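The sequence shown lines up with residues 3 to 283 when you count with the working numbering. Each residue gets a CB set at the ideal place from its N, CA and C atoms; glycine is no exception. Only a predicted model underlies this, so the values are computations on that prediction, with no experimental measurement involved. Single-structure report; data block below.
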Amino acid sequence: DAAQEAMELAFVEIDRLSRLLSRFDGSTPISALNREGVLTDIPPEVLGLIRKSMGYYRLTGGAFDMTVKPVIDLFAARFSDPVRGFPSQSEMRRVLDCVGSDKILMEEKAIRFLNPDMGITLDGIAKGYIVDRASEILRSRRIANHLINAGGDIRAVGRREDGEPWVIAVEDPKKGSQYPDRIRLSDGAIATSGNYEVYFDREKMYHHIIDPQTGRSPHHATSVSVTAPTAMDADALSTSVFVMKPEQGIRFIDTLPGCECFLFSAKGRPFKSDGWSPRAI
């Protein structure tokens with residue numbers, strides 16, 4: 003009964019935060035910011051996540067950028083009409099003028115866009131954050147052993163019923179029958195970003211991950227899995243490394259304590275960070 007109650011409370015928190023952080027619901031703070039270009043009376047969860055996103059923008063040298071929403075909107079509009087097809091260069095230049103987290107002004111009691119046509123999406127970090135919050139709810143109810151899987155964003159705490167660490171399989175981006183690798187987690191998180199799940203065009207040239215510098219979908223890799231202390235960190239880092247070239251991404255992860263990476267290049271070559279291991283971490 004106690005476990006059931008804890009899980010119900012965790013799902014309530016997941017539902018609350020999913021609604022609060024949505025860019026699709028016109029009543030949310032994120033939608034208000036995208037619509038008005040300024041947001042005051044900011045809920046602490048929204049403010050904290052935007053600050054975290056700004057931090058990852060700086061840490062990754064701009065590879066992680068929540069302001070790519072205008073590019074995503076352009077893709078969605080163009081590819082919803084089969085006659086229009088690929089965005090033109092002039093359209094891409096126009097929306098790229100709106101991209102850049104350095105164009106966001108963080109005031110004491112407000113967030114303000116310096117370009118009125120800007121917009122943000124927290125899709126690259128919010129799911130991991132929500133998973134972490136659900137885990138905190140379970141911990142607060144003394145659920146010492148649990149695993150939360152939110153469609154590729156996984157937080158593992160404690161151990162399985164048999165006393166062994168949780169085992170997480172890395173999915174084959176080609177959807178083959180074998181798993182490229184497995185890891186054992188007892189307290190940590192893993193997130194995977196890939197180009198094979200969500201895309202706009204039939205050829206899968208334009209997918210949901212955007213390079214903020216070019217406005218195009220990166221094609222250096224097909225799958226990037228990152229382990230980190232929290233699901234939020236793993237979520238943001240897997241998105242960031244996907245934008246980078248494989249060698250650059252691995253070098254970047256190697257500089258971050260407590261983080262590891264396993265990725266497949268576009269040619270199917272596996273890359274692993276120095277500490278990636280199937281052993282428990």
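Supposed contact pair residue j and residue i - C-beta distance, whole angstroms, cut 8 Å
i      : j      : result
Ile211 : Phe254 : With a Cβ gap of about 16 Å, Ile211 and Phe254 do not count as contacting.
Arg157 : Val172 : That belief does not hold up - the Cβ atoms of Arg157 and Val172 are roughly 16 Å apart, past 8 Å.
Gly196 : Thr229 : The pair is not a contact, with the Cβ atoms about 16 Å apart (cut-off 8 Å).
Lys247 : His222 : 5 Å
Under the three-state DSSP convention, the category residue i falls into
i      : result
Gly63  : coil
Gly2   : What the structure shows of the chain is the stretch from 3 to 283, and residue 2 is not part of that stretch, so it cannot be assessed.
Met68  : helix
Thr224 : strand
Val172 : strand
Gly196 : strand
Phe26  : coil
Gly190 : strand
Ile122 : coil
Thr216 : coil
Met108 : strand
Phe88  : coil
Val159 : strand
Ile113 : strand
Val40  : strand
Ile255 : helix
Ala34  : helix
Ala136 : helix
Ile74  : helix
Ile127 : coil
Ile16  : helix
Ala152 : strand
Residues near residue i by beta carbon distance below 7 Å, same chain, minus five either side
i      : result
Tyr131 : Leu51 and Met234
Pro118 : Gly39
Glu93  : Leu76
Ser33  : Arg25 and Asp27
Ser267 : His222, Ala223, Pro248 and Phe273
Beta-carbon spacing of residue i, residue j below 8 Å
i      : j      : result
Thr123 : Met56  : no
Thr194 : Gly154 : yes
Arg141 : Ala4   : no
Asp27  : Lys129 : no
Glu15  : Ala152 : no
Ser275 : Asp256 : yes
Beta-carbon contacts of residue i that lie in its chain and below 8 Å, excluding the five residues immediately before and after
i      : result
Arg161 : Asn147, Pro167, Trp168 and Ser188
Pro31  : Leu22, Leu41, Ile44, Pro45 and Val48
Glu10  : none
Leu19  : Glu47, Ala128, Tyr131, Ile132 and Arg135
According to DSSP, residues forming a beta bridge with residue i
i      : result
Thr232 : For Thr232, which the question treats as bridged, DSSP gives no partner whatsoever.
Asp3   : Bridge partners of Asp3: none, in fact.
Pro272 : Phe266
Val48  : In DSSP, Val48 forms no bridge with anything.
Ile185 : Ile170
Chain-order list of residues whose beta-carbon lies under 6 Å from that of residue i (same chain, five-residue window excluded)
i      : result
Val97  : Pro72, Val73 and Leu76
Phe115 : Gly39
Residue i Cβ short of 7 Å to the ligand PLP heavy atom set
i     : result
Gly64 : Among the ligands in the structure shown, none appear at all, so the ligand PLP cannot be discussed.
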